[in-house]
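One structure below.
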Amino acid sequence: TAVADNLFGLKTTSWELGRLRSVIELDNPSVTAEQVAAIEQSVNEKIRDRVPVCVRELSLDDPEVEQVWKGCVVCKVQE
1 TAVADNLFGL KTTSWELGRL RSVIELDNPS VTAEQVAAIE QSVNEKIRDR VPVCVRELSL
61 DDPEVEQVWK GCVVCKVQE
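Numbering (full-length UniProt numbering), first residue to last: 1 to 79.
Below is the structure:
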């Protein structure tokens, strides 16, 4: 989701991390095939480069949850 936001300003409204497939829902009426390809390429490069990720668990009543929905102020994708 951070890559889609960084590349194209596409904001995430929901996501699911599955065993076989992951899905993100973007707050945009449409996404072009070229944008999807660019996002996939960038994500795959980050995986190959072993870019570290940060994982944090928050309770739903934690005030930081609002900040996460506004664009993860704690974790930014390394460019």
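Even for Gly, the Cβ is constructed at its ideal location relative to N, Cα and C. Quantities reported herein were computed from a predicted structural model and do not represent experimental measurements.
According to the DSSP assignment, S42 belongs to the alpha helix (DSSP H) that extends over 33-48.
At the C-beta level, L26 and A2 stay beyond 8 Å of one another. Leaving aside the five residues that flank P52 on each side, none in its chain has a CB nearer than 6 Å to its CB. Secondary structure remark: continuous alpha helix (DSSP H) runs of at least 4 residues inside the region 1-35, in chain order: 2-8.
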